[in-house]
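Participant:
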Amino acid sequence: MAYGRTPDILLPVKGDLYHIAPIPVIYHEVSVPDLAGFNADLSRIARDSMSQAEIEVPDVKHHADMGKAIEFDDDSWSETQIPAIGVWHCVPTNNFLENPAEPVQRLKSIVEDLYRFTVQETADIKAEQPCISESWIQFYKDGDHKVLHNHERYGPPYPEERWCGAYYLDDGTPDPAMPYSGMFSFRVRQTSYFIKPKPGLLLMWPADILHEVAPFYGKSERVVINFNINLRPLRFSQQPGALCKTPPLQVADLRPRRQAAGFCIVLLNPSPDH
Ligand SMILES: [Fe+2]
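Our numbering applies: residue 113 is where the sequence shown begins, and numbers increase by one.
#1: Thinking just about the alpha-carbon of each residue, which of Leu-129, Gly-294, Pro-134 and His-140 is nearest to the one in Gly-284?
#2: Taking only the alpha-carbon atoms, compute the straight-line gap between Ile-307 and Leu-314 and give it to the nearest angstrom.
#3: At what residues does the beta strand (DSSP E) containing Gln-250 begin and finish?
#4: Inspect the CB distances between the segment 224 to 239 and the segment 127 to 139 and report whether three or more fall short of 8 Å.
#5: Where DSSP assigns a beta bridge to Asp-320, which residues make up the other side?
#6: For Phe-298 versus Pro-309, is the C-beta spacing smaller than 8 Å?
#7: Give me the residue from Leu-219, Gly-330, Ala-165 and Glu-324 with the minimum Cα distance to Ile-197.
#8: Just to confirm, does Cys-243 get its C-beta within under 7 Å of one of the non-hydrogen atoms of ligand 1?
#9: When the Cβ atoms of the segment 121 to 136 are set against those of the segment 211 to 225, are three or more pairs found closer than 8 Å?
#10: Could you tell me whether any non-hydrogen atom of ligand 1 is closer than 7 Å to the CB of His-323?
#11: Is it the case that the CB of Asn-342 approaches a heavy atom of ligand 1 more closely than 7 Å?
#12: Is it the case that the segment 236 to 245 contacts the segment 317 to 332, given that we only count it when at least three CB pairs across the two stretches are under 8 Å?
#13: Take the Cβ of Asp-103 as the centre, count every other Cβ of all protein chains shown within 10 Å, and call the residue buried at 16 or more, exposed below.
#14: Confirm the yes/no value for this check: CB of Asn-206, any heavy atom of ligand 1, distance under 7 Å.
#15: Determine whether the Cβ of Asp-320 lies closer than 8 Å to any Cβ atom of chain D.
#16: Mind checking who Leu-314 pairs with in its DSSP beta bridge?
#17: Tell me the DSSP secondary structure of Arg-265 in three-state form.
#18: With a threshold of 6 Å on Cβ separation, who are the neighbours of Glu-224 within its own chain once the five nearest residues in sequence on each side are excluded?
#19: Compute every distance between the C-beta of Lys-258 and the non-hydrogen atoms of ligand 1, then say whether any falls below 7 Å.
#20: Based on the DSSP secondary-structure assignment, which residues constitute the bridge partners of Pro-286?
#21: Quickly, what does DSSP pair Thr-230 with across the bridge? List them, please.
#22: Might you give, ordered along the chain, the residues of its own chain that have their beta carbon closer than 7 Å to the beta carbon of Met-162, omitting 5 neighbours on each side?
#23: Quick one: is the Cβ of His-140 within less than 7 Å of any heavy atom of ligand 1?
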């Protein structure tokens, strides 16, 4: 989101009909010489470099992996719920795009180039050094899903030009009897806009846009790399670029924070001013 005033907001459709808030979305089919081999390499790198708990979609079966459970021991309470939206959901950011392997870094470059193009076209900003602040690869098994949420932060510092995205390695061969299986959708003005995942598809959207993943049922695993990207590193501490130099994931150290509503990116070793 760009701050400040933007003139000329009426985009002509026909006659006196205008659009005032079109949502920009990147729909890009990655083109590499051997897409299947490229995606297989990415999956292999993830499996070889991370534990099973780190690459699975977090849900109740990962209770023991995610640190101390949240205890709702009050009879009543209040919680500030802006600007992040969604039912509490805890995602360990395994920061897969920080893996130095060549296929991973090639994908990261594609993401960064698309982001530069996007903010240039949508906000007239030259993004010299985009910052992928978090990324996570996940292997969806039967029944895995993502509740409706956005990727806004719960509190300051708020990122500039924050977008998020997904790169699909495998659609998991969804069960044809379950037409919504693993389907990705945006939710805007009470309408769901569905996009079918397919290998090589790279989506990017503004971080405030609500989206969800329908329960997945398929023959194999649905594999996706998600990420958050913004204009420059967030300053959580005196250390410049703290969120672009995330320490290695230690699942046992994850500290779910009490957030009853919103999408929760669990930060490892958050600095005191977070
Ligand atoms: Fe998401």
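Glycine is no exception: its CB is placed at the ideal position from the N, C-alpha and C atoms.
Facilitator: Based on what the coordinates show:
#1: Translated into positions along the sequence shown, residue 284 becomes position 172. It is Gly-294 whose Cα lies nearest to the Cα of Gly-284.
#2: Locating residue 307 in the sequence shown gives position 195, where the first residue counts as 1. Locating residue 314 in the sequence shown gives position 202, where the first residue counts as 1. Rounded to the nearest angstrom, the two C-alpha atoms are 11 Å apart.
#3: The residue given as residue 250 occupies position 138 in the sequence shown. Counting along the chain, Gln-250 sits inside the beta strand (DSSP E) bounded by residues 243 to 252.
#4: yes
#5: Here residue 320 refers to the residue found at position 208 of the sequence shown. For Asp-320, which the question treats as bridged, DSSP gives no partner whatsoever.
#6: In the sequence shown, counting from the first residue as 1, residue 298 sits at position 186. In the sequence shown, counting from the first residue as 1, residue 309 sits at position 197. The answer is no: Cβ separation not under 8 Å.
#7: Start at 1 with the first residue of the sequence shown, and residue 197 comes out as number 85. Of Leu-219, Gly-330, Ala-165 and Glu-324, the residue nearest in Cα terms is Glu-324.
#8: Here residue 243 is taken as the residue at index 131 of the sequence shown, counted from 1. Incorrect: Cys-243 has no Cβ contact closer than 7 Å to ligand 1.
#9: no
#10: Working through the sequence shown from its first residue, we reach residue 323 at position 211. Because some heavy atom of ligand 1 lies under 7 Å away, the Cβ of His-323 counts as near it: yes.
#11: Taking the sequence shown and counting its residues from 1, one reaches residue 342 at position 230. The answer is no for Asn-342.
#12: no
#13: Nothing can be reported for residue 103, as the shown portion of the chain is limited to 113 through 386.
#14: As a working note, residue 206 is residue 94 in the sequence shown. Incorrect: Asn-206 has no Cβ contact closer than 7 Å to ligand 1.
#15: No chain D appears in this structure, which consists of one protein chain only.
#16: The sequence position of residue 314 within the sequence shown is 202, counting from 1. Answer is His-140 and Tyr-279.
#17: Position 153 of the sequence shown holds residue 265. Note: Arg-265 maps to coil in three-state DSSP.
#18: As a first step, residue 224 must be located in the sequence shown, where it is residue number 112. For Glu-224, where only same-chain residues beyond five positions count, the Cβ hits under 6 Å are Pro-242.
#19: The residue given as residue 258 occupies position 146 in the sequence shown. Result yes, Cβ under 7 Å from ligand 1.
#20: Position 174 of the sequence shown, counting from 1, holds the residue named residue 286. Per DSSP, Gly-330.
#21: What you label residue 230 is simply residue 118 of the sequence shown in a count that begins at 1. Its beta-bridge partners do not exist; DSSP assigns none.
#22: Stepping through the sequence shown from its first residue, residue 162 is reached at position 50. Result list for Met-162: Asn-206, in chain order.
#23: Numbered from 1 along the sequence shown, position 28 holds the residue referred to as residue 140. False, no ligand heavy atom lies under 7 Å from that Cβ.
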